[in-house]
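Participant: In order, the protein sequences belong to chains A and B. Going by this note's numbering, the first sequence wraps up at 188, each residue one higher than the last. Going by this note's numbering, the second sequence wraps up at 1188, each residue one higher than the last.
There are 2 protein chains.
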Amino acid sequence: MDVKTLCLGVLTEGDKTGYEIKHRFEEAFSHFFGASFGSIYPALAELSRQGLVSCRSVEQDKRPDKKVYSLTEQGQRALLDELLATPPRHKVRSEFLVLMYFAHLLPPARVAAIIDQMIAHWEPVVAELERCAAGAACDKAPTPGTRFAAGYGRAVLGAALTYVREHKAELVDAIGEPAAEAMALAGE
Amino acid sequence: MDVKTLCLGVLTEGDKTGYEIKHRFEEAFSHFFGASFGSIYPALAELSRQGLVSCRSVEQDKRPDKKVYSLTEQGQRALLDELLATPPRHKVRSEFLVLMYFAHLLPPARVAAIIDQMIAHWEPVVAELERCAAGAACDKAPTPGTRFAAGYGRAVLGAALTYVREHKAELVDAIGEPAAEAMALAGE
DNA sequence: ACCACCATGTAAACGGTTACATGATTAC
DNA sequence: GTAATCATGTAACCGTTTACATGGTGGT
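1. Report the three-state DSSP secondary structure of B/Leu1129 (helix, strand or coil).
2. Is the CB of A/Ala155 under 9 Å away from at least one CB in chain B?
3. Going by alpha carbons, who is nearest to A/Ala150 out of A/Val164, A/Pro87, A/Ala134 and A/Thr86?
4. Reducing DSSP to helix, strand and coil, say where A/Leu11 ends up.
5. Quick one: what's B/Arg1093 bridged to in DSSP?
6. Per the DSSP calculation, A/Ser39 is bridged to which residue(s)?
7. Contact check, B/Val1111 vs B/Leu1171 under 8 Å by CB: the rounded distance?
8. Quick check: is the beta carbon of B/Ala1109 nearer than 9 Å to any beta carbon in chain A?
9. List, from N- to C-terminal side, the alpha helix (DSSP H) runs of 4 residues or more that fit wholly inside the segment 1063 to 1087 of chain B.
10. Taking all protein chains shown into account, decide if A/Ser94 is buried (16 or more other Cβ within 10 angstroms of its Cβ) or exposed.
11. Just to confirm before moving on: does the CB-CB distance between A/Phe33 and A/Leu6 stay below 9 Å?
12. Find the residues of chain A that neighbour B/Gln1074, judging by a C-beta separation of less than 8 Å, and give them in chain order.
13. I want to verify the contact list: residues of chain A whose CB lies under 7 Å from the CB of B/Gly1151, in sequence order.
14. With a 10 Å radius around its C-beta and 16 neighbouring C-beta atoms as the bar for buried, classify A/Lys62 as buried or exposed.
15. Ordered along the chain, which non-local residues of its own chain (more than five positions away) have a Cβ less than 7 Å from that of A/Leu71?
16. Assign B/Gln1060 to one of three DSSP states: helix, strand, or coil.
17. Quick test of your reading: A/Met100 and B/Gly1145, contact by CB under 8 Å. State the CB separation rounded to the nearest angstrom.
18. Any beta carbon of chain A sitting closer than 9 Å to that of B/His1031?
19. How is A/Thr162 classed by DSSP in three states: helix, strand or coil?
20. Quick one: list the residues of chain B neighbouring A/Phe102, beta-carbon separation under 7 Å, in chain order.
21. Using a Cβ-Cβ cut-off of 7 Å (strictly less than) and excluding sequence neighbours within five positions of A/Gln74, which residues of its own chain qualify?
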């Protein structure tokens, strides 16, 4: 599954410009899928070429024209086929956890700072997902899936926050006294 | 941060062949970082060229020679520099959640099957992380970071499991009766 | 017979990010 | 004056995956 499929997906919620699609991506699935303009615009061009979306230019006063994309019938079929064929993968790529794994090689203050950074980063995200999962917010489109995905994010990020908060001191202390184990073994 | 850094990292646990590094990757960080042979072998070659690891060939009876890599002093410094310079990112790419987001476009049975698949996939992973977080298992190398990372995985995957188990029926029912909202609005 | 394990590597293809290029409008 | 929002696109670069190529050993 690639950005093209996601574009088809958001277009089921209504016609949109590339710019709007990018923002929809951010508010709806930024916590489980990323996409930048550099991948969205070429994806839309390709979908248009394949006839899976149609495109009309809309004039604007004092702004350049915008291109509004719509899902075609072919596009709807292609989306369904793609969704039915997609195996449900779930990958995490976390430089944060790599850093934590090698915490013993870093200054304890740095490790503490990294954890604080993650907490500060996650807190507003969880708050936002809480609102989405509740049904309010997230624009419109309160489909069951929207709430499920937001609820998942809330549950999982909430657990992450709780975990790092509760184990920060333990980790920082442990790497601050690297001889602790040796001393324990020596009967200290 | 790339595979090269991770290779330097696992080599702090002791000398290893490319093959062994791959397996270490799998048991230690498969839940937050992926790497295949196709990226590990070239990474090792490049690190060797840069003098960050040294390499000695070891003859084996009835098997081709293996190349055992060791971290050099330069490599240790490079690893530390890289770890200190790495911003703590954390990215998720989940086709599973995309599928759930668009659940209303899929047959309910398919959605249920996908969730069951994820549960079946996550269950043994959580069990393994539980053992790692407890301190036993995960080969040796029971550094504080190892336990922190495993504990994080256990907490987060555990929350994911609980969430999908508790909300599966809700989601499947909701997409099974697509007219529910409309009927409610009509006073039904 | 066949599959899994050990062991190393290459090369094409893929998909995505980052940075660049342009430019008007509105608000602080 | 500086930054954010609206709006579209290109191109170089990056790192990874996938598939291919090779081949002996040990178990069922």
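Glycine included, each C-beta is placed from N, C-alpha and C at the ideal position.
Facilitator: Quick look at the numbers:
1. helix
2. yes
3. Looking at the Cα atoms, A/Ala134 is the closest of the given residues.
4. helix
5. A/Lys91
6. Bridge pairing for A/Ser39: absent [DSSP].
7. 7 Å
8. no
9. Fully enclosed alpha helix (DSSP H) runs of 4 or longer: 1073 to 1085.
10. buried
11. yes
12. Residues of chain A passing the Cβ test: none, with the nearest at roughly 15 Å.
13. Tyr163 and His167
14. exposed
15. Leu8, Leu11, Thr12 and Val53
16. strand
17. 5 Å
18. yes
19. helix
20. Gly1009, Leu1083 and Gly1145
21. Taking C-beta separations shorter than 7 Å and ignoring five residues to either side along the sequence, the partners of A/Gln74 in its chain run Gly51 and Leu52, following chain order.
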